[in-house]
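Peer 1: Let me begin by handing over the structure; questions about it come next.
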Amino acid sequence: MTAKELKNRSVNYRKKILQYIVGANAGHTGGSLSCIDILNVLYNHVLNVSPANFSSPDRDRYIQSKGHTVEALYVVLSDKGFFPEQDLETLCRYQSNYIGHPTKKVNGVEQNTGALGHGLPMAVGNALAAKMDDRDFRVFTLLGDGELPEGSNWEAFLTGSHYKLDNLCAILDYNKLQISGTTAEVCNTEPIDAKLESFGWSVKHVDGHDIEALISTFDALPFEAGKPSFIIAHTVKGKGVSYMEHHVKWHHGVPNEQQYQQALEELDSVTI
Amino acid sequence: MEAVAENKTISGKANLEVFSSTLQELAAVDRNIVVVTSDSRGSGKLVPFGQRFPKQLVEIGIAEQNLVGVAAGLASAGKKAFAVSPACFLTARALEQIKNDVAYSDNPVKLIGISAGVSYGALGSTHHSLHDFAVLRAINNITIVAPADNYETAAAIKLAAAAGKPVYLRFGKKQMPDLPQESDQSFRFGKGRIIRDGDDVAFIATGETVYPALQAARKLEAENNIHAAVISMHTIKPLDYDLLALAAKKCRTIITVEEHSVYGGLGEACASFLLQNGIMKPFKITGIPDEYTVTGSQNEIFHHYGISEKGLADTALELMRKITGEL
Chain A
1 MTAKELKNRS
11 VNYRKKILQY
21 IVGANAGHTG
31 GSLSCIDILN
41 VLYNHVLNVS
51 PANFSSPDRD
61 RYIQSKGHTV
71 EALYVVLSDK
81 GFFPEQDLET
91 LCRYQSNYIG
101 HPTKKVNGVE
111 QNTGALGHGL
121 PMAVGNALAA
131 KMDDRDFRVF
141 TLLGDGELPE
151 GSNWEAFLTG
161 SHYKLDNLCA
171 ILDYNKLQIS
181 GTTAEVCNTE
191 PIDAKLESFG
201 WSVKHVDGHD
211 IEALISTFDA
221 LPFEAGKPSF
231 IIAHTVKGKG
241 VSYMEHHVKW
251 HHGVPNEQQY
261 QQALEELDSV
271 TI
Chain B
1 MEAVAENKTI
11 SGKANLEVFS
21 STLQELAAVD
31 RNIVVVTSDS
41 RGSGKLVPFG
51 QRFPKQLVEI
61 GIAEQNLVGV
71 AAGLASAGKK
81 AFAVSPACFL
91 TARALEQIKN
101 DVAYSDNPVK
111 LIGISAGVSY
121 GALGSTHHSL
131 HDFAVLRAIN
141 NITIVAPADN
151 YETAAAIKLA
161 AAAGKPVYLR
171 FGKKQMPDLP
181 QESDQSFRFG
191 KGRIIRDGDD
201 VAFIATGETV
211 YPALQAARKL
221 EAENNIHAAV
231 ISMHTIKPLD
241 YDLLALAAKK
251 CRTIITVEEH
261 SVYGGLGEAC
271 ASFLLQNGIM
281 KPFKITGIPD
291 EYTVTGSQNE
301 IFHHYGISEK
311 GLADTALELM
321 RKITGEL
């Protein structure tokens, strides 16, 4: 898929994220919009995973540690053919399989996440299994910046480098906002790159909304043989909708009809 | 202070040792058997396993949350992952990982809580697991098993290895005798084992408390002509309701015994079932009461709280007196 095609998809994904969040009157809007370009490039350029090979032991694994931005994941999975898009009309409804955090009830989801600090240890386990069995699959996990203080992440950072898991890549959706304010105010985790490097990971920064930059960064994996890779993807919470960008109230805010129409107009006017 | 003599007549091994040797048997023919430990190779008797199968042992270091999360990832990628850690840390420090990464995500990890209950004795409450049945019973999709003897341990490890579902096994490090059983009963999760028949008292016991219950039953027979049944209710969940109902209807009194808080464990599980099914008998939960646990060895703690030949026999006599009206 070309970069232009990916960019068109990103616009489309953003519209669908808003459509289903508005339909459910619930969802994590800001974070879904900040991580969607990363998911787009992962599922359409990087991952060897599809409905056809999802039960294969050799498929690549993607575990969404920041489970609350599940709307972004569901939209991409439906686009990849894991389930009919119309299923998303039941998002968060009574008896729906489409829970407000990733669930294996939904085809294409690897693990039930949502509690923070859980994706990385499971990804480490997947990557270890690949090494033990000499399988070539790779493992990716997406972390939110707000979940970085969870101790379990740092335990898993240690294990990832201890076992030299260069088949493992963790991506930080670094939009720098969490529910109570900026990540710097809530619990300053900087310098993240120096910390991760000291934990034995190979680190790169990227603009998490620059499709070409994301492609070239993922294409460079592993950044160093014998080390797990960490991508600090600088993103904008609410990216693509002017009144949402950089505003923490859109962490789980749902646009009203007027706001929704304005968002669609803005997204439709994007020139690619 | 009254000293409590250890029972010197037991010739069996510690269940922990049986766990280790059984796992080696399995690993020799199945390379997917993987042990994941948190610096617990020594206390888990797993040093020989690590020497024989270095590629099938994942050392995490002292990080129990990560231990369980990594084990879930290994299990989801096809490994038969045994996450081994002292029960006190495994089921408290890593409870959210057990709830979400193992049970809710349905990753068939075999959680092995070693040195469970008050096995660590005088090391104190940080090292005791008197909560594990209670917290795990309230979590969907996990089988909870406390084997009583070497036979049950070996069988439980083999079943756990083959299980496609999450399992929690807990055992201690005390030498255990092989218990008799009433008939040829194969070991299955969710099916209690009748160790001794009787119709006056039903001791419903689990784990390392089954043996003192059996000793008490023999004492009651010899000294009081009271016929006590003993059931090894090794599986706390799913509980063997059929056997429980059978024993409760047949016997005149019921005593549950567990190396666990009297809150939320085997006793309350039995009480809940019996009450909701209208089976009313004099009933006593024996376990560790809700207090700062007394200091001592496992054996001394057992005696202090009446989990002993004499203590359990006295409890049985007290319940029987309620029926007969004798003082």
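Residue numbers (our numbering), protein chains in the order written: chain A, 1 to 272; chain B, 1 to 327.
Cβ atoms here follow ideal geometry from the backbone N, Cα and C, with glycine treated the same way.
Just so you know, these numbers come straight off a predicted model, no measurement behind them.
Can you tell me whether Gly23 (chain A) is helix, strand or coil according to DSSP?
Peer 2: Reduced to three states, the DSSP call for Gly23 (chain A) is helix.
Peer 1: If you count every other CB in all the chains shown that lies within 10 Å of the CB of Pro86 (chain B), and 16 or more means buried, which is it?
Peer 2: Under this definition Pro86 (chain B) is a buried residue.
Peer 1: Mind the definition here: the stretch 136-143 of chain A touches the stretch 97-106 of chain A only if three or more C-beta pairs lie below 8 Å; say whether that holds.
Peer 2: The stretch 136-143 of chain A vs the stretch 97-106 of chain A: no contact.
Peer 1: Buried or exposed, going by whether 16 or more other CB atoms sit within 10 Å of the CB of Ser125 (chain B)?
Peer 2: That one is exposed.
Peer 1: Going by DSSP, what residue range makes up the beta strand (DSSP E) through Gln51 (chain B)?
Peer 2: Segment 47-52 is the alpha helix (DSSP H) holding Gln51 (chain B); no beta strand (DSSP E) there.
Peer 1: How far does the beta strand (DSSP E) with Lys284 (chain B) in it extend, from its first residue to its last?
Peer 2: Residues 283-288.
Peer 1: Do you know offhand how far Ala271 (chain B)'s Cα is from Phe283 (chain B)'s?
Peer 2: Roughly 8 Å between the two C-alpha positions.
Peer 1: For Arg9 (chain A) and Ile38 (chain A), what's the separation of their Cα atoms in angstroms?
Peer 2: Those two C-alpha atoms are separated by around 12 Å.
Peer 1: From this set, B:His127, B:Val29, B:Pro147, B:Leu169, which residue's C-alpha is nearest Tyr292 (chain B)'s C-alpha?
Peer 2: Nearest of B:His127, B:Val29, B:Pro147, B:Leu169 to Tyr292 (chain B), Cα basis: B:His127.
Peer 1: With a 10 Å radius around its C-beta and 16 neighbouring C-beta atoms as the bar for buried, classify Asn141 (chain B) as buried or exposed.
Peer 2: Under this definition Asn141 (chain B) is an exposed residue.
Peer 1: Given a threshold of 16 other Cβ atoms within 10 Å of its Cβ, counted over all protein chains shown, does Lys249 (chain B) qualify as buried or as exposed?
Peer 2: Exposed, by the Cβ-count rule.
Peer 1: Check the DSSP bridge columns for His234 (chain A) and list the partner residues they point to.
Peer 2: Beta-bridge pairing links His234 (chain A) to A:Tyr174, A:Asp207.
Peer 1: I want to see whether chain B comes within less than 7 Å of Ser152 (chain A), judged by CB atoms only; does it?
Peer 2: Yes, Ser152 (chain A) counts as interfacial toward chain B.
Peer 1: Which of helix, strand or coil does DSSP assign to Cys169 (chain A)?
Peer 2: Strand at Cys169 (chain A).
Peer 1: Which residues of chain A have a Cβ atom closer than 7 Å to the Cβ of Ser85 (chain B), listed in chain order?
Peer 2: Ordered by position in chain A, no residue passes the 7 Å Cβ test against Ser85 (chain B), which lies about 13 Å from the chain.
Peer 1: Would you kindly check if the distance between the Cβ of Val124 (chain A) and the Cβ of Gly273 (chain A) is under 7 Å?
Peer 2: This structure does not reach residue 273 (chain A), given that chain A is present from 1 up to 272, and the question cannot be answered.
Peer 1: Against chain B, does Thr159 (chain A) count as a neighbour if the rule is that its beta carbon must be under 7 Å from one of theirs?
Peer 2: By this cut-off, Thr159 (chain A) is an interface position.
Peer 1: DSSP three-state call for Asp221 (chain A): helix, strand or coil?
Peer 2: According to the sequence displayed, residue 221 (chain A) carries Leu and not Asp. Coil at Leu221 (chain A), not helix or strand.
Peer 1: I need the straight-line Cα distance from Ser292 (chain A) to Phe273 (chain B), nearest angstrom please.
Peer 2: Limits of chain A in this structure are 1 at one end and 272 at the other, which puts residue 292 (chain A) out of reach.
Peer 1: Taking the straight line between their C-alpha atoms, what separation do you get for Ala245 (chain B) and Lys281 (chain B)?
Peer 2: Those two C-alpha atoms are separated by around 11 Å.
Peer 1: Can you have a look at Val70 (chain B) and say buried or exposed, based on whether 16 or more other CB atoms are within 10 angstroms of its CB?
Peer 2: Counting Cβ neighbours within 10 Å, Val70 (chain B) comes out buried, since at least 16 surround it.
Peer 1: Within the chosen definition, does the stretch 208-219 of chain B reach the stretch 301-314 of chain B through at least 3 CB pairs nearer than 8 Å?
Peer 2: As far as the Cβ criterion goes, the stretch 208-219 of chain B touches the stretch 301-314 of chain B, which means the pair count is three or higher.
Peer 1: Do we get a CB-CB distance below 7 Å when we pair Ala170 (chain A) with the residues of chain B?
Peer 2: Ala170 (chain A) does not count as touching chain B.
Peer 1: Hey, is Ser105 (chain B)'s beta-carbon within less than 7 Å of any beta-carbon in chain A?
Peer 2: Output row for Ser105 (chain B): interface = yes.
Peer 1: Using a C-beta cutoff of 7 Å, does Asp178 (chain B) count as contacting chain A?
Peer 2: No, Asp178 (chain B) does not count as interfacial toward chain A.
Peer 1: Which residues share a DSSP beta bridge with Met86 (chain B)?
Peer 2: The residue asked about is misnamed: residue 86 (chain B) is Pro in this sequence, not Met. DSSP lists B:Ile114 as partners of Pro86 (chain B).
Peer 1: Please state whether DSSP places Ser297 (chain B) in a helix, a strand or coil.
Peer 2: Note: Ser297 (chain B) maps to coil in three-state DSSP.
Peer 1: In this structure, how does DSSP classify Asp242 (chain B) when only helix, strand and coil are distinguished?
Peer 2: Of the three classes helix, strand and coil, the one that applies to Asp242 (chain B) here is helix, per DSSP.
Peer 1: Quick one: is Val70 (chain B) near chain A, going by C-beta distance under 7 Å?
Peer 2: It does: the Cβ of Val70 (chain B) has a partner Cβ on chain A nearer than 7 Å.
Peer 1: For Ala161 (chain B), decide whether its Cβ has a neighbour in chain A, counting only Cβ atoms nearer than 7 Å.
Peer 2: No, its Cβ sits nowhere closer than 7 Å to a Cβ of chain A.
Peer 1: With 7 Å set as the bound, which would you pick, yes or no: does the beta-carbon of Pro121 (chain A) sit closer than that to a beta-carbon of chain B?
Peer 2: Chain B, which has a Cβ nearer than 7 Å to the Cβ of Pro121 (chain A), makes this yes.
Peer 1: From which residue to which residue does the alpha helix (DSSP H) around His127 (chain B) run?
Peer 2: Run containing His127 (chain B): none; DSSP gives neither H nor E here.
Peer 1: With three or more C-beta pairs closer than 8 Å as the rule, is the stretch 178-194 of chain A touching the stretch 6-21 of chain A?
Peer 2: The answer is no - the stretch 178-194 of chain A does not touch the stretch 6-21 of chain A, with fewer than three Cβ pairs under 8 Å.
Peer 1: Which of the three DSSP states, helix, strand or coil, is assigned to Lys16 (chain A)?
Peer 2: If DSSP states are grouped into helix, strand and coil, Lys16 (chain A) belongs with the helices.
Peer 1: Can you give the beta carbon distance from Glu259 (chain B) to Gly207 (chain B), rounded, assuming they're within the 8 Å contact cut?
Peer 2: Yes, Glu259 (chain B) and Gly207 (chain B) are in contact; Cβ-Cβ is about 6 Å, under 8 Å.
Peer 1: Taking the straight line between their C-alpha atoms, what separation do you get for Pro84 (chain A) and Val18 (chain B)?
Peer 2: Going by the C-alpha atoms only, they are around 51 Å apart.
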